[in-house]
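**Q** Chains as they are written, first to last, in the numbering used here: chain A, 18 to 218; chain B, -19 to 607.
Encoded structure:
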């Protein structure tokens, strides 16, 4: 009778041009693997935000995110579980970002590499604060008006560019940018206030 | 913490302007230079910049998850009629229950809506919400058709009324025991749902599957279509995917084409919902129990009914989910034969339904005698007129299957019976396929061409069907231990290899399919392929571009691992020779390893491959194929 091994783990997506490595017959520490899987899943958001804060373009960030995830899955057994997952994973993301910028693979105007290095260092140092800010965002979104949330949806939740969103709502792109600016500023202020207030409960 | 929090609270306008430009993608090189000037060597400014960008990043993350129910808010339809938007606008965040961290507002809204809807269903309230303004119920979908529906067991919105083709459907619950239903949501997504099923139409872009199996086809304009289940929400991005709610409450998501993002909903959600992408040609199972992580399960092409059959063999004979239920029908042979006689659908559906009716995915549960009861009927199907190719010169009827289809059917059959140890049936299947006959030659050349075509289309950017075809072909051939077929397919793959990166991907995936099968007979073919690829890698080492070298390295690694599986060795690690910079992980295979693999495979035991019933020890078969 043939015995079916478990198929290759998730994350190793067979994208065009990138081969998927099948799970080998070599012995696998399934406990470690499960732990890694848990860490991977839980920290997706942090890795994505890390990438997106230096590469804000949606498509580029997505591309880098996928590349990072792929590498994380292919090299999972090199992860030393005594270390922190997030810095390790973000280090891998950073490598991909660096390659990406060096190869000038983006059509966007991007920051120069040495500034990115500094930003990444600063981020590492103040990661917890940024996490707290991110958690406060949810509560701040609730305080927006429905119209404001609709605008955010049409700009963020669809694949349309802002130009397309502008056209479909009958405004100029500039008007949209102004409104977005106000909304993002309002969110930012709200987050800052939450954090300052949060210290007191 | 407070100190740093304070430092980020005040942001200079100029920095904000530049951050905005970066977020919008409108930043000019001059602006970029100014931005860098502002933040260089200034950690406080950098932190402020990061905090600004983080807002954008998190919004982008949430947008990418697609679980924002305010998609409804962007609907053409009136907002006030939409229950989930109403709920979100009017309900404050619940305190206490969600724990110390604030929840995303849309998640709260969705879960509240769910709670309210579930409660309403529980006490039998009509699901159509009375709109704040306007008398008409909110139309969310159109009934396309139902097949095999028994009028007595169908319920729409609590009323035992089976809709007719073209009927508009309001938001509400549809529940039925038997049959396949096709519904087109107003947002553009179409679903085919297999009973027993219970599905709630929530709005033009959302359905809640409580029970049953569903396949969704979502054209690009309807991206964002969501299927909710107890264990996970699945959001679509312009794809074809299937969702099954199993009896234990688990949700299984299988993606045919494109990608979906599933939000795993667990009980006791301490850390918020977890989002999980599901790739094409994979299936993931979600449990609502927090302790069980989402698990990748084998992708089975036949798991779902993907096309609504055009006609039916009569309600009584339409087995639930299209599977032959031997308990209900002791005379399985008659049953299958009867179904076969009445299939008037397109060849591909016939093939698929035939496979389903033949219980190919369930065949492992059958005992040997049950299998024998089915085999004659199946073999008869294979030689039935409808399944034969058109005579040369005669116009092909639409219902004629190609030789390739029939052969594929036969191979699938073999692939299923062989693991049961039923070599005799497998032999008849293989005999039918014909080791030396015209059938085989025709099949091989047709299959070879089809495979090459499929690869060509895939390379030029086409889709799932081709990937699946390629994937299926090799997997089937491998499972059937059809060395000749496998060799031919690998040969085709090989000729495409130097030019098509996509082919390397398919090759690696196909190797992954073969690996677990532990069939040492396949080793020579694989070694041959691997050698060729290896030679190419070695010769390109100095002038190949990094990307090709790296990809080819991945494929070679896949070869090494698969050969280890098949030969029962552990040579992969030591056989890979690395070159280039250490971080690049480029490699080729040490050619000595090939000989070792060949040797080890020869030493391994394996059943001989049957080419005809006369290969079987002793006896002509009790089972005969149709005349």
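Every residue, glycine too, gets a C-beta built ideally from N, C-alpha and C. Keep in mind it's a predicted model, so treat the numbers as computed, not measured.
Checking 8 Å against the spacing of the C-beta atoms, do residue 81 (chain A) and residue 57 (chain A) come in under that value?
**A** Not in contact: residue 81 (chain A) and residue 57 (chain A) (Cβ atoms no closer than 8 Å).
**Q** Got a sec, what are the start and stop residues for the beta strand (DSSP E) residue 216 (chain B) sits in?
**A** Looking at the DSSP string, the run of the beta strand (DSSP E) that includes residue 216 (chain B) is 212 to 216.
**Q** Interface residues of chain A around residue 118 (chain B) at Cβ under 9 Å?
**A** Going along chain A, no residue has its Cβ under 9 Å from residue 118 (chain B), so there is no contact; the nearest lies around 19 Å.
**Q** Taking a contact to mean a Cβ-Cβ separation below 8 Å, would you say residue 267 (chain B) touches residue 224 (chain B) in this structure?
**A** No, the Cβ-Cβ distance between residue 267 (chain B) and residue 224 (chain B) is not below 8 Å.
**Q** Tell me which residues share the same chain as residue 65 (chain A) and place their Cβ nearer than 6 Å to its Cβ, disregarding the 5 neighbours each side in the sequence.
**A** Correct list, in chain order: 82.
**Q** Keeping to the same chain, check which residues put their C-beta closer than 6 Å to that of residue 275 (chain B); ignore five residues upstream and five downstream.
**A** For residue 275 (chain B), where only same-chain residues beyond five positions count, the Cβ hits under 6 Å are 265.
**Q** Can at least three beta-carbon pairs, one atom from the segment 199 to 209 of chain A and one from the segment 26 to 35 of chain B, be found at a separation below 8 Å?
**A** The segment 199 to 209 of chain A is in contact with the segment 26 to 35 of chain B.
**Q** Identify the contact partners of residue 104 (chain A) in chain B, using a Cβ-Cβ distance below 9 Å as the criterion.
**A** Neighbours of residue 104 (chain A) on chain B: none; closest Cβ ~16 Å, over 9 Å.
**Q** Residue range of the beta strand (DSSP E) that residue 224 (chain B) falls in?
**A** Per DSSP, residue 224 (chain B) belongs to the beta strand (DSSP E) from 220 to 225.
**Q** Is the shortest distance between the beta-carbon of residue 165 (chain A) and the beta-carbons of chain B less than 8 Å?
**A** Answer no: the Cβ-Cβ gap between residue 165 (chain A) and chain B never drops below 8 Å.
**Q** Taking 8 Å as the threshold (C-beta atoms), are residue 129 (chain B) and residue 161 (chain B) in contact?
**A** Contact flag set, yes.
**Q** According to DSSP, is residue 184 (chain B) helix, strand or coil?
**A** In the structure shown, residue 184 (chain B) sits in coil (DSSP, three-state: anything other than H, G, I, E or B).
**Q** Output the boundary residues of the beta strand (DSSP E) element that contains residue 148 (chain B).
**A** Segment 148 to 150, the beta strand (DSSP E) holding residue 148 (chain B).
**Q** Please name the residue, chosen from A:146, A:172, A:142 and A:60, that lies closest to residue 188 (chain A) on a Cα-to-Cα basis.
**A** Nearest C-alpha to residue 188 (chain A): A:172.
**Q** Residue range of the alpha helix (DSSP H) that residue 237 (chain B) falls in?
**A** It is not in any alpha helix (DSSP H) - residue 237 (chain B) instead sits in the beta strand (DSSP E) that spans 231 to 237.
**Q** Tell me whether residue 191 (chain A) is buried or exposed, calling it buried when 16 or more other Cβ atoms sit within 10 Å of its Cβ.
**A** By the neighbour-count rule (16 or more Cβ atoms within 10 Å), residue 191 (chain A) is not buried but exposed.
**Q** Can you tell me whether residue 36 (chain B) is helix, strand or coil according to DSSP?
**A** Residue 36 (chain B) falls in the helix class under three-state DSSP.
**Q** Does residue 214 (chain A) come within less than 8 Å of chain B when only Cβ atoms are used?
**A** Answer no: the Cβ-Cβ gap between residue 214 (chain A) and chain B never drops below 8 Å.
**Q** What do you reckon, are the CB atoms on residue 169 (chain B) and residue 195 (chain B) nearer than 8 Å?
**A** Not in contact: residue 169 (chain B) and residue 195 (chain B) (Cβ atoms no closer than 8 Å).
**Q** Please identify the residue among B:122, B:7, B:273 and B:571 whose C-alpha is closest to the C-alpha of residue 51 (chain A).
**A** The candidate whose alpha carbon is nearest that of residue 51 (chain A) is B:273.
**Q** In the DSSP assignment, what are the bridge partners of residue 172 (chain B)?
**A** B:162 and B:195, per the DSSP bridge assignment.
**Q** Take residue 208 (chain B) as the anchor and find which of B:192, B:188 and B:202 has the nearest alpha-carbon.
**A** Of B:192, B:188 and B:202, the residue nearest in Cα terms is B:188.
**Q** Pull up the CB-CB distance for residue 169 (chain A) and residue 39 (chain B), whole angstroms please, since I reckon it's below 8 Å.
**A** Rounded, the Cβ-Cβ distance is 6 Å, consistent with contact.
**Q** Are the C-beta of residue 55 (chain A) and some C-beta of chain B separated by less than 8 Å?
**A** By this cut-off, residue 55 (chain A) is an interface position.
**Q** CB-CB under 6 Å to residue 201 (chain B), same chain, minus the five flanking residues each way: which ones, in chain order?
**A** Excluding positions up to five away in sequence, the list reads 168.
**Q** Are the segment 504 to 517 of chain B and the segment 571 to 578 of chain B touching by the rule of at least three beta carbon pairs closer than 8 Å?
**A** Touching, yes, given that three or more Cβ pairs across the two stretches are closer than 8 Å.
**Q** Out of B:579, B:523 and B:532, which one is the CA nearest neighbour of residue 549 (chain B)?
**A** For the residues B:579, B:523 and B:532, the minimum Cα distance to residue 549 (chain B) belongs to B:579.
**Q** When you compare only the Cα positions, how much space is there between residue 183 (chain B) and residue 147 (chain B)?
**A** Whole-angstrom Cα-Cα distance: 16 Å.
**Q** Using a Cβ cut-off of 8 Å, pull out every chain B residue sitting near residue 132 (chain A), in sequence order please.
**A** Correct list: 16, 19 and 20.
**Q** Would you grab the beta carbon distance between residue 74 (chain A) and residue 125 (chain A) for me? Rounded to a whole angstrom, and I think it's under 8 Å.
**A** Their Cβ separation, rounded to whole angstroms, is 5 Å, which keeps residue 74 (chain A) and residue 125 (chain A) in contact under 8 Å.
**Q** Starting from residue 118 (chain A), find everything on chain B with Cβ-Cβ shorter than 9 Å and list it in chain order.
**A** The premise fails here: residue 118 (chain A) is roughly 12 Å from chain B at the closest Cβ pair, so nothing lies under 9 Å.
**Q** What are the boundary residues of the alpha helix (DSSP H) that includes residue 507 (chain B)?
**A** Where residue 507 (chain B) is concerned, the enclosing alpha helix (DSSP H) stretches over 503 to 519.
**Q** Kindly indicate the opening and closing residues of the alpha helix (DSSP H) around residue 150 (chain A).
**A** Looking at the DSSP string, the run of the alpha helix (DSSP H) that includes residue 150 (chain A) is 144 to 159.
**Q** From residue 190 (chain B) to residue 139 (chain A), what distance separates their C-alpha atoms?
**A** If you take the alpha carbons of residue 190 (chain B) and residue 139 (chain A), they lie about 47 Å apart.
**Q** Could you work out which residue in B:13, B:529, B:19 and B:171 is closest to residue 567 (chain B) when comparing CA atoms only?
**A** Answer by Cα proximity: B:529.
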